[in-house]
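Chains as they are written, first to last, in this note's numbering: chain A, 1 to 303; chain B, 1001 to 1232.
Even for Gly, the Cβ is constructed at its ideal location relative to N, Cα and C.
What you are looking at is a predicted structure, and each value in this text was computed from that prediction instead of being measured.
The next block holds one structure in the form of structure tokens; read it before the comments.
Have a look at this one:
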């Protein structure tokens, strides 16, 4: 493996690692046991029919591992394969993982999400699969087993998986991670370049990126693009179970209703940050994750 | 069929459901029992605000009317494709709607989805697809995207996709395909009251869609893969 931490340069980019390497570096050494391995070739029956290359794991690795000594269940989506798109098999592996978690009660389920959402090549099956993942995830959360989502891949976490992520107990993002619904290209194609210029990287990141999501509270922790930083954040999140209740959802509703007021008639992130009281909002795009973390802790301490 | 025609067939005059722009809400009486109705019309794009409005109705039903059944009326072109909504976190608002419906189910409310006109992708995942069960009218349309758009994204020819859509339910639009894949439990035709009565009485609270998809031959591997993970 090429990405093993070097004593003089310990930082390994989470974004640049493939899914299995993320798992190998993030969890306790040599503890990952994969279920349905690539050797078993459980592959999409639909891609072959379309003449499109398949993958031996349908773009997701699942299994169990240890995290700081605790047994956790793990799924890692491979963004390099069809953008992490959810097809029938990919989705069923995730559903199986959550159902097994409900049965075996691990300390947590950790989902390394990297996905454009539903895989259009098997669109209907993918759409139903994503909703099955949602229901299975919410069963696990309701059982008091925390679901922790890590987002830091180059493809971001979009579409149905962006919804799935927000159904979890806890979200960790890096500043280069993105969490949203529709990709900027889709919005541009639908409403024009003046609505959303998908080639304006700064605009894309301040609208959907980790720093923005952290300042709004859409992710719980913001980390550097470093596998060990994700590991530390995942360990910290093991104790952060947050079962849903009517009270929790009423609070969520009030928060979102307030956001609708704060965000009235703007589509600009800096303006929204100013309105919610982020100091030095205009400088946020130039800040690193540590500096942005300091902004929110100041905000929280004054509340 | 329009939403008001659907409601007239289901409840006669025994409902006070009103449209406010694209948003539908109200209460109906069915077989002597009150029932919450919430949904959208005019092929509504589901944005941040519209997701919240629907969530509010579900939360109010849970808070004020424990156990009352909820009927979701679905007609949407999918999620709102706007930068404003993305900035605010439309995925979080939609997840919230889904979580509210999920909470209602867990608290013993029957939640039935009905696609009476059109259902697309993001607008469908956190409504009908997270209900106890989703049903559709035969003339309704369900899809992720149209074949021309799909051809652009997948770089496969329209002719090829159109031909394949006749044999493969997995990516071709169509309500019948969703029935075969287990995503839609059944089509409602004829006596809609009998359909709703049956749905309220027999829709399972467990998620049986993968098993249905296998039995109906439209989604042949999902259920087996889930079993394989459980046995691994």
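Tell me, to the nearest whole angstrom, how far the beta carbon of residue i is from that of residue j; I am working on the premise that it is less than 8 Å.
{"i": "residue 58 of chain A", "j": "residue 99 of chain A", "result": "Their Cβ separation, rounded to whole angstroms, is 17 Å, which puts residue 58 of chain A and residue 99 of chain A out of contact at 8 Å."}
{"i": "residue 1037 of chain B", "j": "residue 1062 of chain B", "result": "Actually they are not in contact, since the Cβ atoms of residue 1037 of chain B and residue 1062 of chain B sit about 15 Å apart, beyond 8 Å."}
{"i": "residue 1072 of chain B", "j": "residue 1114 of chain B", "result": "7 Å"}
{"i": "residue 163 of chain A", "j": "residue 1133 of chain B", "result": "Rounded, the Cβ-Cβ distance is 20 Å, inconsistent with contact."}
{"i": "residue 97 of chain A", "j": "residue 22 of chain A", "result": "The Cβ separation is near 16 Å, so there is no contact."}
Using a C-beta to C-beta distance shorter than 9 Å, which residues of chain A count as neighbours of residue i?
{"i": "residue 1126 of chain B", "result": "131, 134 and 163"}
{"i": "residue 1220 of chain B", "result": "45 and 88"}
{"i": "residue 952 of chain B", "result": "Chain B is shown only over 1001 to 1232; residue 952 of chain B falls outside these bounds and no answer can be derived."}
Compare the beta carbon distance of residue i and residue j with 8 Å and say whether it is the shorter of the two.
{"i": "residue 67 of chain A", "j": "residue 27 of chain A", "result": "yes"}
{"i": "residue 1050 of chain B", "j": "residue 1011 of chain B", "result": "no"}
{"i": "residue 1096 of chain B", "j": "residue 1069 of chain B", "result": "no"}
{"i": "residue 1177 of chain B", "j": "residue 166 of chain A", "result": "no"}
{"i": "residue 152 of chain A", "j": "residue 81 of chain A", "result": "no"}
{"i": "residue 1174 of chain B", "j": "residue 1216 of chain B", "result": "no"}
{"i": "residue 1045 of chain B", "j": "residue 1079 of chain B", "result": "yes"}
{"i": "residue 175 of chain A", "j": "residue 146 of chain A", "result": "no"}
{"i": "residue 273 of chain A", "j": "residue 1232 of chain B", "result": "no"}
{"i": "residue 209 of chain A", "j": "residue 222 of chain A", "result": "no"}
{"i": "residue 1057 of chain B", "j": "residue 95 of chain A", "result": "no"}
{"i": "residue 144 of chain A", "j": "residue 86 of chain A", "result": "no"}
{"i": "residue 1170 of chain B", "j": "residue 88 of chain A", "result": "yes"}
{"i": "residue 1135 of chain B", "j": "residue 1003 of chain B", "result": "no"}
{"i": "residue 19 of chain A", "j": "residue 101 of chain A", "result": "no"}
{"i": "residue 1147 of chain B", "j": "residue 1162 of chain B", "result": "yes"}
{"i": "residue 123 of chain A", "j": "residue 1145 of chain B", "result": "yes"}
{"i": "residue 978 of chain B", "j": "residue 62 of chain A", "result": "Limits of chain B in this structure are 1001 at one end and 1232 at the other, which puts residue 978 of chain B out of reach."}
Please classify residue i: does DSSP put it in a helix, a strand, or coil?
{"i": "residue 150 of chain A", "result": "strand"}
{"i": "residue 1150 of chain B", "result": "helix"}
{"i": "residue 1139 of chain B", "result": "coil"}
{"i": "residue 304 of chain A", "result": "Nothing in the structure corresponds to residue 304 of chain A, since chain A is present only between 1 and 303."}
{"i": "residue 65 of chain A", "result": "strand"}
{"i": "residue 228 of chain A", "result": "helix"}
{"i": "residue 1107 of chain B", "result": "coil"}
{"i": "residue 1048 of chain B", "result": "helix"}
{"i": "residue 301 of chain A", "result": "With a pLDDT of only 48 at residue 301 of chain A, under the threshold of 50, the placement of this residue in the model should not be trusted, and no figure is reported."}
{"i": "residue 1134 of chain B", "result": "strand"}
{"i": "residue 1230 of chain B", "result": "helix"}
{"i": "residue 1085 of chain B", "result": "helix"}
{"i": "residue 1124 of chain B", "result": "helix"}
{"i": "residue 241 of chain A", "result": "coil"}
{"i": "residue 34 of chain A", "result": "strand"}
{"i": "residue 23 of chain A", "result": "helix"}
{"i": "residue 950 of chain B", "result": "The question about residue 950 of chain B has no answer here: the residues shown for chain B are numbered 1001 through 1232."}
{"i": "residue 279 of chain A", "result": "coil"}
{"i": "residue 1006 of chain B", "result": "helix"}
{"i": "residue 1079 of chain B", "result": "strand"}
{"i": "residue 174 of chain A", "result": "strand"}
{"i": "residue 1015 of chain B", "result": "strand"}
{"i": "residue 1184 of chain B", "result": "coil"}
{"i": "residue 2 of chain A", "result": "Any reading at residue 2 of chain A is ruled out, since the residue's pLDDT is 47, under 50, leaving its predicted position unreliable."}
{"i": "residue 1217 of chain B", "result": "coil"}
{"i": "residue 1119 of chain B", "result": "strand"}
{"i": "residue 145 of chain A", "result": "coil"}
{"i": "residue 1165 of chain B", "result": "helix"}
For residue i, which residues in chain B fall below 8 Å Cβ to Cβ?
{"i": "residue 252 of chain A", "result": "1096 and 1099"}
{"i": "residue 187 of chain A", "result": "1081, 1082, 1083 and 1086"}
Please report the residue range of the alpha helix (DSSP H) in which residue i lies.
{"i": "residue 1112 of chain B", "result": "Run containing residue 1112 of chain B: none in the alpha helix (DSSP H); it sits in the beta strand (DSSP E), 1111-1115."}
{"i": "residue 158 of chain A", "result": "That residue, residue 158 of chain A, is in no alpha helix (DSSP H); it is neither H nor E in DSSP."}
{"i": "residue 98 of chain A", "result": "88-104"}
{"i": "residue 208 of chain A", "result": "201-208"}
{"i": "residue 134 of chain A", "result": "123-142"}
{"i": "residue 257 of chain A", "result": "246-262"}
What are the start and end residues of the beta strand (DSSP E) that includes residue i?
{"i": "residue 1030 of chain B", "result": "1023-1030"}
{"i": "residue 273 of chain A", "result": "Looking at the DSSP string, residue 273 of chain A is not in any beta strand (DSSP E); the run it does join, the alpha helix (DSSP H), is 269-275."}
{"i": "residue 70 of chain A", "result": "70-77"}
{"i": "residue 110 of chain A", "result": "108-112"}
So residue i contacts chain A; which residues on that side make the cut at Cβ distance below 7 Å?
{"i": "residue 1178 of chain B", "result": "124"}
{"i": "residue 1209 of chain B", "result": "128 and 132"}
{"i": "residue 1048 of chain B", "result": "260"}
{"i": "residue 1225 of chain B", "result": "42, 89, 92, 93 and 96"}
For residue i, go through chain B and note every residue whose CB falls closer than 7 Å to its CB, in chain order.
{"i": "residue 121 of chain A", "result": "1154 and 1171"}
{"i": "residue 50 of chain A", "result": "1156"}
Using a Cβ cut-off of 8 Å, pull out every chain A residue sitting near residue i, in sequence order please.
{"i": "residue 1079 of chain B", "result": "181 and 182"}
{"i": "residue 1130 of chain B", "result": "131, 134 and 135"}
{"i": "residue 1092 of chain B", "result": "166, 218 and 256"}
{"i": "residue 1168 of chain B", "result": "46 and 49"}
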